[in-house]
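Peer 1: Can you read through this structure? Questions will come right after.
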Amino acid sequence: MKHHRLQKINQGKYMLLVLLLMLLSSFSAYAQDIFTVSGTISDDAGVPLPGASVVEKGTTNGVSTDFDGNYTIDLANQNGTLVIDYIGYGQKEIAVGGQSRIDASLEPSASTLDEVVVVGYGAVKKKDLTGSVAQVDAEALSNQSVNSVTDILRGNVAGLNIGFSASPKGTSQIQIRGNNSLAAGTSPLIVVDGILYTGDLSDINPNDIDKIDVLKDASSAAVYGARGAGGVILVTTKKGTSEKPTITINSSVGWAKEADPVKPYGPQGYADWRVDVFKSSRGQLASENLGIFDNPNNLPTGVSLEQWLGYTGAQGDPTTAWLTRIGFQDVEIDNFLAGRSLDWYNKIMRTGFRNEQNVSISGRNGGLNYYWSIGRTSNEGIIEGEKFEAIRSRLNLDAKITDWLTVGMNTQFAKRDEGFIPADQNQVFSSSPWGSEFNDEGTLLRISPQDDPGAGAQSAFLRPTYDDIIDLEHTFNSRIYAKIQLPLGFSYELGYTNRLDFEEYFYHASSLNPNNIIGTAQRWNRKQTEYQLDNIIRWDRVIDKHTFGLTALFYAERFQTFTTIANANNFEPSDALGFGNLQAGVNQNVFTDDEETTGDAIMTRFNYSYDSKYNLTLTMRRDGYSAFGASNRRAYFPSIGGAWTISEEDFFKSDFVTFLKLRASYGENGNRGFGSARGVTTTAGFRSFNNNRGLGAYAQLSELSGGNYLNVDGGTVIPVPALNNNTLENADLRWERTKAVNLGLDFSFAGGIVESSIDYYKNITTDLIVERQLPDITGFTGVFTNLGEVQNEGLEFVISTQNFNNENFTWNTSFNLSTNRNQINALYGDLDENGNELDDITTQRFIGQAVDVIWDFEELGVFQLDEAAEAAAVNRVPGDFKLRDVDGNGVFDNEDKVFLGNRSPKLNLGLSNTFTLFKNLDFSFEMYARLGQKRVFNEAKNRNGFVDRVNSPQTPYWTPENPLNDYARLFSDDGAAAFNIYRNSSFVRLSNI
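See below:
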């Protein structure tokens, strides 16, 4: 029996060997049936075109020309056709006809419609798109000073809203086509060279980027299914373009400073401001004692110095008496009399130095394409001590092993150092210019103006002086792949991505710091690991006028994070070793937190084109994710897109309109942007997991926490282990789903001199993930569930023009405009007595209003002197803001609140101009605008009334002699109503020259 089984095994091995030999034979036969063609591609003046694309028509077999415009391509059919492309030139097709050498010259073209855009797991020509995709050529922006990926995109893509960060790190939040969620993340999916990127954007070196494609509609993003509801940004990094090695050295320096600083009062202005504050806040005393708070050297007419001193029975030096009346402390008085003052703004704020160096080596040699770069960034912030440093390296390799096998890798390494403690910027407006920074022994004072815990502002430099920090993060992302060219137009790609992220965060607050009674130290270690495995099968076929394309994806992923936190304080004998000696702490505690999620997906996409007139795209993706409830682990996301190129029809006759295409698409995408289950709070340098339970990986489960309760047994207290149920399970928790419609019109005039597109979209997101509040009787505060509906509707317009284009001067302009209207259509389904759905006042979510709507009391200006009686009726005085009393009952409550606007802009604009002189001198500038939004501007209240504690920004303020209507008096009174002042925050910014 054993021999018989062994014989079967050997027979199985034999059959497997035969099958492998047959498969290799078929590949060998396929590889041997080739025909080699070489040549040179140049422009109409005979200048070689490096990087031109030469493709065997109907296949994915193609090469690029080297630095001298030369190419060599192996063809499967010696009677095939070569398709030659180069950006900015017209496409040319040449029949091979058995020729072994084919040279070609291309004619310049103003149109960009033949440019290739990446659409996820593939690429198509711009003119064949059925969805809404925008492309940014990073190479065209290479002359700009960019700090991050977001700097490249800001203002250059319609419908893309990117915030602005003044930090030295420079990364900002990104949002495409509005806010489509209430609790889950709304950031777009970032894909870098096929890697579904979950790392920090600052790890991507902008100098490594070749192109960025933004997938905005559901049809384009459908290939990413459950992760595409917020849109998709595809980043393609650089490759070698020349047969000769190319070494590029890029070095830049710059400075950063506060563009329009709002400064505190200087020495004399501070004293004058305090006089006015005392007059405003102690109005009755000031009116009964004329000039009581005025400088004795400048008393009102009719008030003698003796009378003025007698107001408070003061004796001695009048200046000292005056400073005491306006709240100066002893050290301030001494410094004032001695003429010693401090400029806290210039001590805390600074001009930050920016420095960046990048080196890259790239090229192509035979079948090997390579690109390697390394760069260092060292950016200072505008706050003293604020800094960001990073070392980033990238290695891209692509090797053609045989005619049917290509292997490669895209690897990124980054080391970020954010271990710098800046000065406390808040102290700019909280420190007296007449205070002291050091005591007589030269030790930094805890409190300014004096070292007194009961008064003054904390020194801005306590933490930088006494505390230590290490904040390092090492990240490694790498995708290795193999591509196999199969017969009949099929190809197979296997890709494996691995991401490692190691973070070290160590902090020590020294016992020498006057803020600490005992030393405190912390070590925070976090490791994240992630893998992605994707199998991609593609089929491309051209039959007469019919072009077919099929893409199938089989995908799997796993993400894990491990966090350990160790804290200690009250060190014996001392905390001199800080976080390097936690075991010396009398009080120690350790906390750990681990998470794991898994996901999988199957996707198919079918593309069809007939005669370059009609295009159709069909996509279906099924996604699975472990973070959803057991009943809803998987979901399907379909999409369809179509386009009709009207200008290709025989009936279309126009010498002016050279391209005209209609697009329409519908698709569904999901949102699984859960983020971490626990929010991280940093207080005075120390990190902790806060109690605000986020969605996280386990929102669908019941969470148990361990602990002890004390039981008294016979007079002895015994700790008894216990488990507490903190959260309620929801097995039905499912995906947020966005259903989106996009209608588009693309057109160009005069051969591409003017190119434009218009898009209208409407996105409706249902099954919003929210934490629903529960009655206390249930024992739980809330449960995550799916409720509600949010809608986003908008219009986008893009136009680019070639204003002048001759040998010595070119001028190109690009302009984009977008608008978005956000609206909550439904919430929890609770109805009032009239059958109308109820709003959620607690979270300020209202049916029919935007997610970011402003709901507050309406400010009607400032009470003036002739409105004293009206002000007194609501416990105010002239100089205080007056509010609209909607119901007229004299009581300000929720019934008096109204909708005042939105926090996000109603209109986004972007404009760029590029000029070239004599082909050697470039000049460009970019502008962008955000219009129609409002922001909180409580500076107008002038509420810095604790005048013996703080300074103030130099803002206008109301006085009887200066009766402003948009700024309140100093130390104004809000009364019983807590409200904010809002101002229009529209702006136009010149972002780059």
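Residue numbers (our numbering): 123 to 1115. Where is the CB? At the ideal position from N, CA and C, for every residue including glycine.
(1) Go ahead and pull the three-state DSSP assignment for leucine 704.
(2) Can you check which of these residues, Glu825, Leu823, Ile840, is closest to tyrosine 831 by C-alpha distance?
(3) Could you have a look at arginine 1006 and say whether DSSP puts it in helix, strand or coil?
(4) So within the stretch 498–579, which uninterrupted beta strand (DSSP E) runs reach at least 3 residues, ignoring any that extend past its ends?
(5) Which first and last residues belong to the beta strand (DSSP E) in which leucine 1031 is found?
(6) In whole angstroms, give me the CA-to-CA distance for tyrosine 492 and isoleucine 523.
(7) In the DSSP assignment, what are the bridge partners of phenylalanine 937?
(8) Can you have a look at asparagine 639 and say buried or exposed, based on whether 16 or more other CB atoms are within 10 angstroms of its CB?
(9) What are the start and end residues of the alpha helix (DSSP H) that includes serine 409?
(10) To the nearest whole angstrom, what separates the beta carbons of proline 367 and glycine 485, a pair I think is in contact under 8 angstroms?
(11) Should histidine 630 be labelled buried (16 or more other beta-carbon atoms within 10 Å of its own) or exposed?
(12) Beta carbon of phenylalanine 1047, beta carbon of asparagine 1030: below 7 angstroms?
(13) So for proline 383, helix, strand or coil by DSSP?
(14) In chain order, which continuous runs of the beta strand (DSSP E) of length 3 or greater are located wholly inside the stretch 727–793?
(15) For phenylalanine 728, collect the residues of the same chain with a Cβ closer than 6 angstroms to its Cβ; drop the 5 residues on either side in sequence, then sort them by chain order.
(16) Kindly give me the distance between the Cβ atoms of proline 310 and valine 241, rounded to whole angstroms, as I take these residues to be in contact under 8 angstroms.
(17) Of the choices Ala198, Ile224, Val1008, whose alpha-carbon is the least far from that of threonine 187?
(18) I'd like the ranges of any beta strand (DSSP E) spanning at least 3 consecutive residues and lying wholly in the stretch 576–649.
(19) Using alpha carbons as the reference points, say which of Phe778, Ser810, Ser175, Leu896 lies closest to phenylalanine 871.
(20) Would you report the Cα separation of proline 636 and leucine 584, rounded to the nearest angstrom?
(21) Could you tell me how far apart the beta carbons of alanine 348 and glycine 792 are, in whole angstroms, since I believe they sit closer than 8 angstroms?
(22) With alanine 378 as the anchor, note down where its beta strand (DSSP E) starts and where it stops.
(23) Among Asn269, Asp656, Ile274, which residue has its Cα nearest to the Cα of aspartate 335?
(24) Under a three-way DSSP split, which group does serine 175 fall into?
(25) State yes or no: is the C-beta of glycine 300 within less than 7 angstroms of the C-beta of lysine 338?
(26) Can the beta-carbon of asparagine 278 be found less than 7 angstroms from the beta-carbon of glutamine 297?
(27) Nearest to isoleucine 658 by CA position, among Val238, Gly316, Gly438, is which residue?
(28) Relative to the C-alpha of isoleucine 687, which candidate in Glu718, Ser553, Tyr627 has its C-alpha closest?
(29) Kindly indicate the opening and closing residues of the beta strand (DSSP E) around valine 839.
(30) In whole angstroms, what is the alpha-carbon distance linking phenylalanine 1093 and lysine 401?
(31) Which one of Arg894, Gly503, Gly828, Ile513 has the shortest CA to CA distance from proline 544?
(32) Give the single residue among Pro897, Asn885, Gly904 whose Cα lies nearest to the Cα of glutamate 915.
(33) Which residue wins for smallest C-alpha separation from isoleucine 606, given the options Phe475, Ile1115, Asn183, Leu1112?
(34) What does a CB cutoff of less than 7 angstroms around threonine 714 pick up in its chain, not counting 5 residues either side in sequence?
(35) So, helix, strand or coil for valine 241, using DSSP?
(36) Does the beta-carbon distance from glycine 413 to proline 422 come in below 7 angstroms?
Peer 2: According to the structure shown:
(1) Residue numbering aside, residue 704 sits at position 582 when the sequence shown is read from its first letter. Helix.
(2) Counted from its first residue, the sequence shown places residue 831 at position 709. Answer by Cα proximity: Ile840.
(3) What you label residue 1006 is simply residue 884 of the sequence shown in a count that begins at 1. Three-state DSSP puts arginine 1006 in coil, outside helix and strand.
(4) You should have 509–522, 527–539.
(5) Position 909 of the sequence shown, counted from the start, is the residue given in the question as residue 1031. Segment 1029–1039, the beta strand (DSSP E) holding leucine 1031.
(6) Along the sequence shown, read from residue 1 onward, the residue named residue 492 stands at position 370. Along the sequence shown, read from residue 1 onward, the residue named residue 523 stands at position 401. Answer to the nearest angstrom: the Cα atoms are 14 angstroms apart.
(7) Numbered from its first residue, the sequence shown carries residue 937 at position 815. According to DSSP, which records beta bridges pairwise, phenylalanine 937 is partnered with Ile921, Leu1033.
(8) Along the sequence shown, one-based indexing puts residue 639 at 517. Just to set this straight, residue 639 is isoleucine in the shown sequence, not asparagine. Exposed, by the Cβ-count rule.
(9) Position 287 of the sequence shown, counted from the start, is the residue given in the question as residue 409. Annotation: the continuous alpha helix (DSSP H) that includes serine 409 extends over 405–410.
(10) Locating residue 367 in the sequence shown gives position 245, where the first residue counts as 1. Locating residue 485 in the sequence shown gives position 363, where the first residue counts as 1. Between the beta-carbon of proline 367 and that of glycine 485 there is about 4 angstroms, and that keeps the pair under the 8 angstroms contact cut.
(11) Counting from 1 along the sequence shown, the entry for residue 630 is found at position 508. The residue in question, histidine 630, is buried, as its Cβ has 16 or more Cβ neighbours within 10 Å.
(12) Working through the sequence shown from its first residue, we reach residue 1047 at position 925. Working through the sequence shown from its first residue, we reach residue 1030 at position 908. Taking 7 angstroms as the Cβ cut-off, phenylalanine 1047 and asparagine 1030 do not qualify as a contacting pair.
(13) To locate residue 383, count along the sequence shown from 1; it is residue 261. Looking at proline 383 - three-state DSSP - the assignment turns out to be coil, as it is neither helix nor strand.
(14) Complete beta strand (DSSP E) runs here, min 3: 736–747, 756–767, 779–793.
(15) Working through the sequence shown from its first residue, we reach residue 728 at position 606. If we look at phenylalanine 728 and ignore the five residues flanking it on each side, its Cβ neighbours are Leu672, Leu740.
(16) Looking up residue 310 in the sequence shown gives position 188. Looking up residue 241 in the sequence shown gives position 119. Rounded, the Cβ-Cβ distance is 15 angstroms, inconsistent with contact.
(17) Here residue 187 is taken as the residue at index 65 of the sequence shown, counted from 1. It is Ile224.
(18) Correct list: 590–607, 612–631.
(19) On the sequence shown, residue 871 is found 749 positions in, with the first residue counted as 1. For phenylalanine 871, the nearest C-alpha among the options comes from Phe778.
(20) Here residue 636 refers to the residue found at position 514 of the sequence shown. Here residue 584 refers to the residue found at position 462 of the sequence shown. Computed Cα separation, rounded: 8 angstroms.
(21) Position 226 of the sequence shown, counted from the start, is the residue given in the question as residue 348. Position 670 of the sequence shown, counted from the start, is the residue given in the question as residue 792. The C-beta distance from alanine 348 to glycine 792 rounds to 4 angstroms, short enough to fall under 8 angstroms.
(22) Your numbering for residue 378 matches position 256 in the sequence shown. For alanine 378, the uninterrupted beta strand (DSSP E) segment begins and ends at 368–378.
(23) Locating residue 335 in the sequence shown gives position 213, where the first residue counts as 1. Proximity to aspartate 335 across Asn269, Asp656, Ile274 peaks at Ile274, based on C-alpha coordinates.
(24) One-based indexing of the sequence shown puts residue 175 at position 53. If DSSP states are grouped into helix, strand and coil, serine 175 belongs with the strands.
(25) Indexing the sequence shown from 1 puts residue 300 at position 178. Indexing the sequence shown from 1 puts residue 338 at position 216. The answer is no: Cβ separation not under 7 angstroms.
(26) As a position in the sequence shown, residue 278 is number 156, starting the count at 1. As a position in the sequence shown, residue 297 is number 175, starting the count at 1. Going by C-beta atoms, asparagine 278 is not nearer than 7 angstroms to glutamine 297.
(27) In the sequence shown, residue 658 corresponds to position 536, counting from 1. Per the Cα distances, Gly316.
(28) On the sequence shown, residue 687 is found 565 positions in, with the first residue counted as 1. Nearest of Glu718, Ser553, Tyr627 to isoleucine 687, Cα basis: Tyr627.
(29) Reading the sequence shown from its first residue, position 717 is the one you call residue 839. Run containing valine 839: 838–847, per the beta strand (DSSP E) assignment.
(30) Translated into positions along the sequence shown, residue 1093 becomes position 971. Translated into positions along the sequence shown, residue 401 becomes position 279. Going by C-alpha positions, phenylalanine 1093 is about 10 angstroms away from lysine 401.
(31) Position 422 of the sequence shown, counted from the start, is the residue given in the question as residue 544. Closest option to proline 544, Cα to Cα, is Gly503.
(32) Here residue 915 refers to the residue found at position 793 of the sequence shown. Residue nearest to glutamate 915 within the set Pro897, Asn885, Gly904 is Asn885 (criterion: CA-CA distance).
(33) Counting from 1 along the sequence shown, the entry for residue 606 is found at position 484. Of the candidates Phe475, Ile1115, Asn183, Leu1112, the one whose C-alpha sits nearest the C-alpha of isoleucine 606 is Asn183.
(34) Along the sequence shown, read from residue 1 onward, the residue named residue 714 stands at position 592. Around threonine 714: Thr685, Thr686.
(35) In the sequence shown, counting from the first residue as 1, residue 241 sits at position 119. Coil.
(36) For this step, residue 413 is matched to residue 291 along the sequence shown. For this step, residue 422 is matched to residue 300 along the sequence shown. Yes, the Cβ-Cβ distance between glycine 413 and proline 422 is below 7 angstroms.
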